[in-house]
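Here the protein sequences come in this chain order: U and W.
Using numbering that gives the first Met the number 0, read the first sequence as starting at 0 and increasing by one per residue.
Using numbering that gives the first Met the number 0, read the second sequence as starting at 0 and increasing by one per residue.
What follows is a single structure, written as structure tokens, with notes after it.
Number of protein chains: 2
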Amino acid sequence: MTKTSSQCPTKKEVLQSLHVSENDLQDSKAVVKAATCMPDDDVLIDLSEVFKVFGDSTRVKILSALSYNELCVNDISALLQMSQSAISHQLKVLRSAHLVTSRKDGKVAYYKLDDQHVESILAIGMQHVIEKGSK
Amino acid sequence: MTKTSSQCPTKKEVLQSLHVSENDLQDSKAVVKAATCMPDDDVLIDLSEVFKVFGDSTRVKILSALSYNELCVNDISALLQMSQSAISHQLKVLRSAHLVTSRKDGKVAYYKLDDQHVESILAIGMQHVIEKGSK
DNA sequence: AAAACATATGAATATATGATCATTTGAATA
DNA sequence: TATTCAAATGATCATATATTCATATGTTTT
Chain U
0 MTKTSSQCPT KKEVLQSLHV SENDLQDSKA VVKAATCMPD DDVLIDLSEV FKVFGDSTRV
60 KILSALSYNE LCVNDISALL QMSQSAISHQ LKVLRSAHLV TSRKDGKVAY YKLDDQHVES
120 ILAIGMQHVI EKGSK
Chain W
0 MTKTSSQCPT KKEVLQSLHV SENDLQDSKA VVKAATCMPD DDVLIDLSEV FKVFGDSTRV
60 KILSALSYNE LCVNDISALL QMSQSAISHQ LKVLRSAHLV TSRKDGKVAY YKLDDQHVES
120 ILAIGMQHVI EKGSK
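The structure is reproduced here in structure tokens:
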């Protein structure tokens with residue numbers, strides 16, 4: 000069986016796909032390694048989309064609040080002292096990203112964190128903030 | 000010794016500070032718990048700022064690349080097939096957020112991840128993407 | 001010293017996005 | 001059934017931001 004380029008591209012193939020020659024680069028070995036090991040573009044784009052959802056103070060506050068208790072829209076609105084509409088819009092964003100789930104009890108919609116990852120991400124991010132400071 | 004309100008605010012005090020009365024809320028106990036336990040606003044804002052930096056595909060690609068190797072600006076530019084200027088601007092954002100550090104060797108500036116948190120955050124975010132899918 | 005090179009930076013622009021306001025949907029209750 | 005209430009949604013607007021283009025800075029080499 001012969002290795003195909005998609006399974007194990009040669010250095011030459013990698014550089015070609017990047018439209019560069021070896022002497023355009025300071026460290027072609029490092030570039031090839033990164034190019035070979037990095038996840039596909041679409042995966043990294045998805046990843047950035049997830050972080051983008053964490054990257055808003057209103058949404059982070061909602062997530063932080065939900066890490067202690069399930070809460071309904073009205074109560075989140077009161078807690079954060081923001082309009083019901085603003086909260087509802089952001090909850091939609093959080094739902095789309097699978098960061099929260101909701102259940103309905105009559106007219107009241109209760110939200111909670113979707114899974115354990117959410118808390119983990121918040122916790123590690125918090126560590127970074129504590130160690131490196133804000134700015 | 001008497002507890003002061005700043006050390007252990009009463010339920011009444013918490014609700015007052017939120018400008019709500021108990022019957023504005025579905026679950027006042029849950030709201031008070033969240034209000035009491037949540038980190039201060041400025042901490043959560045800082046946290047969201049960190050995630051905001053992760054929340055861009057170009058920056059995530061840079062961070063992913065740097066997780067395999069230290070790389071210089073030119074090589075990142077070639078790897079991502081983006082202009083030197085665009086990369087340099089984003090590296091500045093990453094530096095400001097303490098996600099990468101740089102060293103200079105002559106004219107060449109090499110960048111690497113600042114600390115272990117960066118990789119951890121990427122890894123957990125990736126888990127979420129894999130498990131929940133992109134959209 | 002001049003030229004070449006790697007990186008950084010400032011201004012400008014186009015796009016993305018968060019909050020508001022007005023309205024709608026859907027469920028409980030009078 | 002009409003009303004009230006919680007939540008969701010659509011349109012709009014103001015702000016934030018990522019890239020480009022032009023240029024500056026600083027270093028090495030000729």
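Ideal placement from N, C-alpha and C gives every residue a C-beta, glycine not left out.
Rounded Cβ spacing between residue i and residue j (contact assumed at less than 8 Å)
i: ILE123 (chain W); j: HIS116 (chain U); result: 6 Å
i: LEU78 (chain U); j: LEU17 (chain W); result: 7 Å
i: LEU24 (chain W); j: VAL52 (chain W); result: 35 Å between Cβ atoms; not a contact.
Beta-carbon spacing of residue i, residue j below 8 Å
i: LEU90 (chain W); j: VAL107 (chain W); result: no
i: GLN128 (chain W); j: LEU46 (chain U); result: Reading off the sequence, residue 128 (chain W) comes out as Val, not Gln. For VAL128 (chain W) and LEU46 (chain U), yes; Cβs fall inside 8 Å.
i: LEU112 (chain W); j: LEU65 (chain W); result: yes
i: ILE61 (chain U); j: SER76 (chain U); result: no
i: VAL30 (chain W); j: ASP74 (chain U); result: yes
i: TYR110 (chain U); j: SER119 (chain U); result: no
i: GLY132 (chain U); j: GLY54 (chain W); result: no
Original post:
Taking contact to mean at least 3 C-beta pairs separated by less than 8 Å, is the segment 40 to 52 of chain W in contact with the segment 34 to 43 of chain U?
Top reply: The segment 40 to 52 of chain W is not in contact with the segment 34 to 43 of chain U.
**OP:** At 4 residues or longer, and completely inside the segment 21 to 93 of chain W: list those alpha helix (DSSP H) runs for me, N to C.
**Re:** Those alpha helix (DSSP H) runs which fall completely within the segment 21 to 93 of chain W and span 4+ residues are 27 to 36, 40 to 53, 56 to 65, 72 to 79.
**OP:** Compile a chain-ordered list of the residues in the segment 106 to 123 of chain U whose CB is closer than 9 Å to at least one CB of chain W.
**Re:** Cβ proximity to chain W below 9 Å picks out VAL107, TYR109, ASP113, ASP114, HIS116, VAL117, SER119, ILE120, LEU121, ILE123 from the segment 106 to 123 of chain U.
Original post:
What residues from the segment 20 to 46 of chain W come within 7 Å of chain U, judged by C-beta to C-beta, listed N to C?
Top reply: Answer set for the segment 20 to 46 of chain W: ASP23, LEU24, GLN25, ASP26, ALA29, VAL30, LYS32, ALA33, ALA34, CYS36, MET37, PRO38, VAL42, LEU43, ILE44, ASP45, LEU46.
**OP:** Give the residues from the segment 49 to 61 of chain U that approach chain W closer than 7 Å (Cβ to any Cβ), ordered along the chain.
**Re:** Residues VAL49, PHE50, LYS51, PHE53, GLY54, ASP55, SER56, VAL59, LYS60.
Subject >> Residues in the segment 84 to 96 of chain W having any Cβ partner in chain U nearer than 9 Å >> reply: Listed by position along the chain: SER95, ALA96.
Original post:
Which runs of the beta strand (DSSP E), 3 residues or longer, sit entirely within the segment 92 to 125 of chain U?
Top reply: As for any beta strand (DSSP E) of minimum length 3 sitting wholly inside the segment 92 to 125 of chain U, the runs are 99 to 104, 107 to 112, ordered along the chain.
Original post:
What residues in the segment 4 to 17 of chain W have a beta carbon less than 8 Å from any beta carbon of chain U?
Top reply: Cβ proximity to chain U below 8 Å picks out LEU17 from the segment 4 to 17 of chain W.
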